[in-house]
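Undergrad:
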Amino acid sequence: NGEASLFEVNIRYIGGLLATYYLTGEEVFKSKALELGEKLLPAFNTPTGIPRGVINLGRQGTRSLSSPCSGMSWSWGWASAGSSILAEFGTLHLEFLHLSALSGNPVFAEKATLSLPLQVLNIRRVLSRVEKPQGLYPNFLSPVTGSWVQHHVSIGGLGDSFYEYLIKSWLMSDKKDSEAKKMYDDALEAIEKHLVKKSAGGLTYIAEWRGGILDHKMGHLACFSGGMIALGAEHAGHERRQRHMELAAEITNTCHESYARSDTKLGPEAFRFDAGSEAMATRLSERYYILRPEVVESYMYLWRLTHDPKYRHWGWEVVKALEKHCRVEAGFSGIRDVYTTTPSHDNMQQSFFLAETLKYLYLLFCEDDVLSLEDWVFNTEAHPLPINHTDFKA
1 NGEASLFEVN IRYIGGLLAT YYLTGEEVFK SKALELGEKL LPAFNTPTGI
51 PRGVINLGRQ GTRSLSSPCS GMSWSWGWAS AGSSILAEFG TLHLEFLHLS
101 ALSGNPVFAE KATLSLPLQV LNIRRVLSRV EKPQGLYPNF LSPVTGSWVQ
151 HHVSIGGLGD SFYEYLIKSW LMSDKKDSEA KKMYDDALEA IEKHLVKKSA
201 GGLTYIAEWR GGILDHKMGH LACFSGGMIA LGAEHAGHER RQRHMELAAE
251 ITNTCHESYA RSDTKLGPEA FRFDAGSEAM ATRLSERYYI LRPEVVESYM
301 YLWRLTHDPK YRHWGWEVVK ALEKHCRVEA GFSGIRDVYT TTPSHDNMQQ
351 SFFLAETLKY LYLLFCEDDV LSLEDWVFNT EAHPLPINHT DFKA
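Counting in the working numbering, the sequence shown runs from 1 upward without gaps.
(1) With C-beta atoms as the reference, is V296 less than 8 Å away from G315?
(2) Put D215 into one of helix, strand or coil per three-state DSSP.
(3) Taking the beta carbon of P68 as the centre, do at least 16 other beta carbons fall within 10 Å, making it buried, or is it exposed?
(4) Between S351, S262 and L34, which lies nearest to E381 when the distance is taken from Cα to Cα?
(5) Applying the criterion that 16 or more other CB atoms from any shown protein chain within 10 Å of the CB defines a buried residue, is R129 buried or exposed?
(6) Using the Cα positions of V28 and F108, report the straight-line distance between them to the nearest angstrom.
(7) Decide yes or no for the touch test of the segment 4 to 20 against the segment 91 to 110: beta carbon pairs closer than 8 Å, at least 3 of them.
(8) Could you check if C366 is buried or exposed, using at least 16 other CB atoms within 10 Å of its CB as the buried criterion?
(9) Using the DSSP secondary-structure output, state which residues sit across from M280 in a beta bridge.
(10) Leaving aside the five residues before and after L395 along the sequence, list all residues of the same chain whose C-beta is less than 8 Å from its C-beta, in chain order.
(11) In whole angstroms, give me the CA-to-CA distance for A355 and P293.
(12) By the three-class DSSP mapping on this structure, what secondary structure does Y301 have?
(13) Helix or strand or just coil, what does DSSP make of K265?
(14) Closest to Y289 by C-alpha separation, out of G219, Y299 and P309, would be which residue?
(15) Since V338 contacts T264 with CB under 8 Å, what's their CB separation in whole angstroms?
(16) Which residues in the same chain as K320 place their Cβ atom closer than 7 Å to its Cβ, once the five residues preceding and following it in sequence are excluded?
(17) Round the Cβ separation of F140 and A79 to the nearest angstrom and send it over; I've been treating them as touching at under 8 Å.
(18) Do G82 and S75 count as a contact pair if the criterion is CB distance below 8 Å?
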C-alpha cells in the first residue's frame, strides 16, 4: 500500500523478472512477473487508455478529488496539468508483449499494440492520431484528452526510452512490427531535421526543443541515443545506414568529450553548448554523476557494431575513473562534482549501476556472442529479453 511508478516497476522489476526467467527457466520468475503485471493494469483506466504515472499496488479504485490519497492510479504531482510522460507510457511495450505471450492474455499487448498486446497497442493508436509539431513528440500528454499538454521535446529525460522502444519493438518482433519501425524512422527524421546541431568546436549534439525554441544542452540520459541510432542504422538502407552510423558515432564522441573534459573523467548530469562552453556543465546543479549507464551503453553498441577499438579504450577509462572516484567501502557511490579531483560522495549506489552500468561495461569486453544482439534486445534497464520469444539460452 504505497506509491509506485508504473514505469519503474515495469522496467526494473517486471523487466528483471522476465529476463531472469528467460535466462534460468525458473517458473517462479515468470509467475511473479505476471502477478506484478496484473497489478499495473488499473493505471490504464483513463478516458484515453493512456496510463497515469503513479500506481498504488495495494488499493483498488481510482483517485478522486474527495479522496485524493486513496485509489489505484494518479498522475505525478510535478507533471504539467495532470499529464502522463512520453518516456513512461511509451516504455511498456517490450515487457507487456512478453507478459501477453507468457500469460496468453492479450490485455497486456493491447495496452502495447495490434495483434500484440491490447493496452499498449492502444497507446500507439492515440499517438498516431494526435498531431505532432514538426513531426516531434512532446513529453507531456493528457491521459484524459489525448492531447499534448506542453511542447517540450527531449531525447533525454521524459522522452528518451519512448524512441528506444520503437526500434527495439521492431527488432524484438523479428522485424515484423512495421508500425514501430515507421514510427521510429519518422521520429528520427524529425529529430535530425530540428534538433541535431553542431557546435562551433565541431561537436554534434541533440538539443532540446521548447515550443520551437532550442535549448542547447544534452542530459547524460540523452547519451543512450548514440547506441540506439547505431542499432537502428544496422537495419536501414545503404544511404541512411551510412548517415545514421556517422551520426551515432558523432553523438557518442560528444558524450565521451563530456567525460574527457572533467577532472574525474566521469560525465556531468547535463552539459551545454552555449556561452563559449562545450560539452561541460555550466550550472552547479548539473555537475554531479550518479553512476549513470548511458554513455557506456553507447560504447557497447558502437563496439559491437563497428569493432573500433576506441570504444573499448573509452570504456576502460570509465572503469578506472569509477574505481578511483566512486568506489567506497561498501560498494560504489555517486559523486557531487565531476570537476574536482577530490569529489564528495552522495552515499548512494543506484540500482541501475548494477543492472546497466556494470553490465554494459562487462558486455563491452565480452565476445559478441554473449547476449548476442542477434538474439536478445535489452530493455531500458538493460534486462535482456529474447527476440521473437525464442527459448534462447545465454
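Glycine included, C-beta positions come from ideal geometry on N, C-alpha and C.
TA: In brief:
(1) Yes, Cβ-Cβ distance for V296 and G315 is below 8 Å.
(2) Looking at D215 - three-state DSSP - the assignment turns out to be strand.
(3) With a pLDDT of 45 at P68, under the threshold of 50, the modelled position of that residue is not reliable, and no figure is offered here.
(4) Nearest of S351, S262 and L34 to E381, Cα basis: S351.
(5) Exposed.
(6) Straight-line Cα distance between these residues: approximately 19 Å.
(7) The answer is yes - the segment 91 to 110 touches the segment 4 to 20, with three or more Cβ pairs under 8 Å.
(8) By the C-beta density criterion, C366 is exposed, having fewer than 16 other C-beta atoms within 10 angstroms.
(9) Note: M280 sits in a beta bridge opposite R272.
(10) Nothing can be reported for residue 395, as the shown portion of the chain is limited to 1 through 394.
(11) A355 and P293 have their C-alpha atoms roughly 9 Å apart.
(12) When DSSP states are grouped into helix, strand and coil, Y301 belongs to the helix group.
(13) K265: coil per DSSP, three-state reduction.
(14) The candidate whose alpha carbon is nearest that of Y289 is G219.
(15) That pair is a contact at about 5 Å.
(16) In its own chain, leaving out the 5 sequence neighbours on each side, no residue places its CB closer than 7 Å to the CB of K320.
(17) Sure, about 6 Å apart at Cβ, within 8 Å.
(18) For the pair S75 and G82, the CB atoms are nearer than the 8 Å cut-off.
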